[in-house]
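Okay, so here's the structure we're looking at.
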Amino acid sequence: MDTSKRFGDGKGGCPSIQCEANREVLCSSCSEGVVTAAHRVAQRDAEPCLFGKGGTCCRNCNMGPCQIIEGVESMTGVCGADAATVAARNFCRMVAGGASAHMDHGRGVVLAFLETARGETPYQITDPVKLRQTAIRFGIDPADKSTQDLAIEVGEHALAQFGQQSGITPFMRRAPKARQELWEKLDIYPRGFDREVVEIMHRTHMGVDQHHKSLLFQAARCALADGWGASMVATELSDIMFGTPMPVRAKVNIGVLKEDEVNITVHGHEPVLAEALAMVARDPEIIKAAKKVGAKGINLAGVCCTGNEILMRQGLPIAGSFIQQEVVLATGAVEAMVVDVQCIMQGVSPAAARYHTELITTSAKAHIPGATHIQFEERRAMEVAKEIVLRAVDRYPERGKHFIPKHEMDVVAGYSHETINYILGGRFRGSYRPLNDNIMNGRIKGVAAIVGCDNYRVTDEVHIELAKELIANDVLVLVTGCAATGMGRAGLLSPESMEMAGDGLKEVLEAVGCPPVLHMGSCVDNSRILIAATEMVLTGGLGDDISQLPVAGCAPQWMSEKAVSIGQYFVSSGTYVVFGPNFPTTGSKVVTDFCFKEMNEIYGGRWDVAQKPSEFASKMIDEINAKRAALGLDKKKERVLFDMAMRRELGDVGCHGPGA
Ligand code: SF4
Ligand code: MSK
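Numbering-wise (my numbering), the sequence shown opens with residue 2 and increments by one.
Structural data, given as structure tokens:
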């Protein structure tokens, strides 16, 4: 690849890439010859295929591939499939791909949880209170059961949901009653996690389901099995094992790499190996080994959502988000990059090979050419973690020319649903009441979720500009995934950023002492946002269902199929969701209209698309204002001045007090 051909508005001929730290690394001489996705995007001469982009290219059988144009008779598929069928089928397959990633992650967490419950791993049941709450939600009576017995029972119940063929996903019973009734009426309750993915693959096989509406109902069912099912299971069981996140101070950005320590980055999504690495990195024997080679210690830093997992629970730093994974390596200062599953670009392998960095794969599901494979097993967690860390220690003396930019930012993360409950209501009366009250009195206009990936196709910092505009308009922002890391880089996850908030929101934030943008975790932790929304409904005053809340969600730089599944489970739960810079069905107006309009009549939530931060902000704020108006919260309550007659009408209420 010709790396001299560089595009974009970066300085000195460097590629255009979000964030100053990235530019500094890629413009430094030590990154010479490294090819990142920023370069590859710039070097692709052809624009993305419009059929692929709009969802109307089908290659589901060997009579194709067929590129379809809606409304043009000669441009249906060889089998006669029209644009609506093909776009809906492709959308379904994206949901299935995304949901399956969360589900398989969830299965891994449950299996590790069961081994832990049986005493076969170095992990523990760290949150027995949450274990008991989860048991009750699964319909298990925790009375008179030891923590170990209860954990085994909870683990077995959770595992059964993956292969279940009929029945209900227990966590869906957490949703507001009205939502449950709607799902029942629509007949879209997931029956079992795996079943819904398999059914999508079957329905979208050549010659099966050909009606876009029928296909998109199955997409909704599969997505619900992700959000209220496997993702929620993964989050809850990870919390029970590794601790429910509480606010924690940490740092993000490439500058968290250390000059004088062995730098190990953990990249991917699963918390289990990273937790073991965190334990090993503190082991005095290991620190001694590091000192022996001239390093002061072990510096463990995250990339992507493994980073979010260890940031939330351990306060460990995040070196980079998705778009920074190759840039982190281009510093030349990383001894080992340890990867598990999801969002790992193959480009990390040649990038690591240019330095002394060892790329280590650890999952049987994810091998990468050029990487060393060390199979991780929970039962041997400490042994494997030690082997990995010692290999990185061995590499430290080989570190050559390197460049660590001085960019790092303080963040406060760890806003689980439990934490929000606590900071709003206190230890003994944890409640969302103050949030609802402040939404009702208008200090807070509503709540917005900015989630999902960052993306090399988007050169603007959309997440950040959007968040600034929302908080300035008194909208509280919740973030997860790589969007959260981007917010951290921009300083929006520190309490000091409340200065950027509008007067009403700022007043509330000052009282509770939290930032205007709350980091709620990794991709699977979007399930925490479902619970937060449900809690707002249950607290009262904002309607009977999630669809009535003044809330909106978005994924302005989405890249992964997981984002499509996440978006669909929010829409099916009654939320307005804006994607950008594009939406994957635009090749079919029929399907896009169904997603953008008809879904609103079905779920009270719908999809939309936007490009610029201001466009996202105005669409989301309009939605929040519309929901406020529907709740009657747009009318300013006139202050009622009591005259004597009114006072008399109140009868006994007065100086004696009621009932005196
Ligand atoms: Fe073409 Fe139909 Fe085969 Fe798809 S299923 S590739 S539209 S013939
Ligand atoms: S890691 S899915 S790039 S958020 Fe969860 Fe980031 Fe998106 Fe991967």
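Idealized CB from N, CA, C, for every residue including glycine. On a predicted model such as this, the values are computed, not experimentally measured, just so you know.
Closest Cα partner of residue i within the set the options
{"i": "residue 434", "options": "48, 538 and 314", "result": "538"}
{"i": "residue 606", "options": "296, 192, 591 and 578", "result": "578"}
{"i": "residue 463", "options": "231, 575, 558 and 215", "result": "558"}
{"i": "residue 176", "options": "114, 620, 571 and 327", "result": "571"}
{"i": "residue 321", "options": "629, 23 and 636", "result": "23"}
{"i": "residue 563", "options": "474, 359 and 102", "result": "102"}
{"i": "residue 162", "options": "65, 444 and 194", "result": "194"}
{"i": "residue 404", "options": "448, 260, 460 and 237", "result": "260"}
{"i": "residue 272", "options": "250, 240, 256 and 251", "result": "240"}
{"i": "residue 111", "options": "141, 200, 236 and 166", "result": "236"}
{"i": "residue 107", "options": "69, 526 and 488", "result": "526"}
{"i": "residue 412", "options": "522, 575, 147 and 75", "result": "522"}
{"i": "residue 614", "options": "489, 461 and 516", "result": "461"}
{"i": "residue 556", "options": "544, 542, 576 and 548", "result": "576"}
{"i": "residue 82", "options": "209, 602, 636 and 399", "result": "209"}
{"i": "residue 165", "options": "192, 141, 139 and 180", "result": "192"}
{"i": "residue 325", "options": "620, 39, 623 and 385", "result": "39"}
{"i": "residue 354", "options": "365, 385 and 396", "result": "396"}
Short CB-CB distance (under 8 Å) between residue i and chain B
{"i": "residue 524", "result": "Note that chain B does not occur in the displayed structure, where there is just one protein chain."}
For residue i, three-class secondary structure by DSSP
{"i": "residue 296", "result": "coil"}
{"i": "residue 540", "result": "helix"}
{"i": "residue 229", "result": "helix"}
{"i": "residue 482", "result": "helix"}
{"i": "residue 584", "result": "coil"}
{"i": "residue 173", "result": "helix"}
{"i": "residue 252", "result": "strand"}
{"i": "residue 361", "result": "strand"}
{"i": "residue 608", "result": "strand"}
{"i": "residue 343", "result": "coil"}
{"i": "residue 373", "result": "strand"}
{"i": "residue 206", "result": "coil"}
{"i": "residue 593", "result": "helix"}
{"i": "residue 514", "result": "coil"}
{"i": "residue 21", "result": "helix"}
{"i": "residue 456", "result": "coil"}
{"i": "residue 505", "result": "helix"}
{"i": "residue 68", "result": "strand"}
{"i": "residue 431", "result": "coil"}
{"i": "residue 634", "result": "coil"}
{"i": "residue 330", "result": "helix"}
Close Cβ partners of residue i (< 6 Å) along its chain, the five nearest in sequence each way excluded
{"i": "residue 264", "result": "258, 300, 334, 335 and 336"}
{"i": "residue 393", "result": "263, 265, 336 and 337"}
{"i": "residue 446", "result": "475, 476 and 625"}
{"i": "residue 143", "result": "133, 136 and 151"}
{"i": "residue 483", "result": "322, 323, 454 and 455"}
{"i": "residue 436", "result": "425"}
{"i": "residue 88", "result": "56, 57, 586, 588, 589 and 592"}
{"i": "residue 29", "result": "404"}
Residues of its chain near residue i, where Cβ-Cβ distance is below 8 Å and the 5 sequence neighbours each way are ignored
{"i": "residue 61", "result": "90, 205, 206 and 207"}
{"i": "residue 153", "result": "115, 118 and 119"}
{"i": "residue 514", "result": "424 and 496"}
{"i": "residue 387", "result": "281, 284 and 287"}
{"i": "residue 190", "result": "169, 170, 173, 184, 222 and 225"}
{"i": "residue 250", "result": "316, 411, 412 and 413"}
{"i": "residue 598", "result": "607"}
Other residues of its chain near residue i: CB distance less than 7 Å, five sequence neighbours each side excluded
{"i": "residue 5", "result": "With a pLDDT of 38 at residue 5, under the threshold of 50, the predicted position of this residue should be treated as unreliable, though the coordinate-derived value follows. Cβ neighbours of residue 5 beyond the five flanking positions: none."}
{"i": "residue 122", "result": "113, 116, 379, 380 and 382"}
{"i": "residue 245", "result": "128, 131, 417 and 419"}
{"i": "residue 459", "result": "558 and 582"}
{"i": "residue 540", "result": "432, 433, 434 and 437"}
{"i": "residue 343", "result": "102, 269 and 270"}
{"i": "residue 610", "result": "579, 580, 581, 583 and 584"}
{"i": "residue 77", "result": "69 and 83"}
{"i": "residue 21", "result": "408"}
{"i": "residue 94", "result": "201 and 205"}
Residue i beta carbon near ligand 3 (any heavy atom closer than 7 Å)
{"i": "residue 93", "result": "Ligands in the displayed structure: ligand 1 and ligand 2; ligand 3 is not one of them."}
Cβ-Cβ separation, residue j to residue i (assumed contact under 8 Å), whole Å
{"i": "residue 455", "j": "residue 323", "result": "5 Å"}
{"i": "residue 617", "j": "residue 519", "result": "No, residue 617 and residue 519 are not in contact; Cβ-Cβ is about 18 Å, not under 8 Å."}
{"i": "residue 409", "j": "residue 253", "result": "7 Å"}
{"i": "residue 280", "j": "residue 383", "result": "7 Å"}
{"i": "residue 457", "j": "residue 42", "result": "5 Å"}
query = Three or more C-beta pairs closer than 8 Å, one from the segment 223-232 and one from the segment 166-180: is that the case here?
reply = yes
query = Hey, is the segment 587-601 in contact with the segment 210-226, meaning 3+ C-beta pairs nearer than 8 Å?
reply = Enough Cβ pairs lie closer than 8 Å, so yes.
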